[in-house]
Amino acid sequence: MVTVILFLCLLNGVYGHENVLAKTNYGIVKGTSSYIDNKAMFCYLGVPYAKPPTGPRRFKQPEPPNSWSGVRDAVTLGPKCPQLDELDPFDPIPISEHCLNLNIYSPTEPMSQGTAPSTSLLPVMVWIHGGSFSMGSGSKYNGSVLASRGVVVVTVNYRLDILGFLSTEDSIIPGNFEPLDQIMALQ
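Here the sequence shown stands for residues -16 to -1, 1 to 171, numbered as in mature numbering (1 follows the signal peptide of the UniProt record, and there is no 0).
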């Protein structure tokens, strides 16, 4: 029993998390920090980049999210978009149409109030997952290791399959929402 408790204490010391805040265009998010090979890394998970594509927005172009007041929790992965592999037993990420979110892994702490902005730029890698436009999730890809090596990594969830490509070939449902989601995420 003592061995188990000691192991858990050591594990927490290696992978301990602290809350960190970052300001976005829409409000403040609370993420976590941790260390990999003694290098700090900061994660902001499930950050919305568009309004949920539900109801009257289901087959429409993505719209920027509403701003929020207070601090938004960004410590857990956001849901993945509805898809054909919904019964994948190896993927515990929930499924929801409220899925237009991204995960950010950064090697630097966001600017604190009263500090000068950094003058050094970092490489950014945006990971747009594959899956034949019908399955997958940016949340399956953890950018922590690359972030600990000096790269900002962003993974993106976007509408898939019918919700991403259905078209009636008119102005009611023009289609091609999936690439529009990806463009919105890049903005």
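For glycine and all other residues, C-beta sits at the position ideal for the given N, C-alpha and C. Remember, it's a predicted structure, so these values are computed and weren't measured experimentally.
Where Gly39 falls: helix, strand or coil (DSSP): The DSSP-derived three-state label of Gly39 is helix.
Residues bridged to Pro32 [DSSP beta-bridge criterion]: Asn85
Candidates Asn160, Met25, Val136, Glu153, of which the one nearest Ile146 by Cα: Asn160
Local Cβ density within 10 Å of Ser121, reported as buried at 16 or more and exposed below that: It counts as buried.
Cβ neighbour criterion (16 or more within 10 Å) applied to Met119: buried
Runs of alpha helix (DSSP H) wholly within the segment 51 to 79 (minimum 4 residues, chain order): none
Coil, strand or helix - Met119 by DSSP: coil
Option in Ile12, Gly11, Arg41 with minimal Cα separation from Asp165: Arg41
Burial state of Gly114 (16 or more Cβ within 10 Å): exposed
Cutoff 7 angstroms; reference Val59; Cβ partners in own chain excluding five residues on either side: Lys14, Gly15, Thr16, Leu29
Reduced DSSP category for Ile12 - H, G, I as helix; E, B as strand; rest coil: Here DSSP, grouped into helix, strand and coil, assigns Ile12 to strand.
Residue of Arg143, Ala169, Arg133 minimising C-alpha distance to Ile20: Ile20 has its Cα closest to that of Arg133, out of Arg143, Ala169, Arg133.
Same chain, Cβ closer than 7 angstroms to Asn3, neighbours up to 5 away in sequence not counted: Lys14, Thr16
Val135 vs Leu86 beta-carbon contact at 8 angstroms: no
Proximity to Glu153 [Cα-Cα], best of Met109, Phe43, Pro107: Phe43
Cβ-based burial, Leu105 [other Cβ within 10 Å; buried from 16]: exposed
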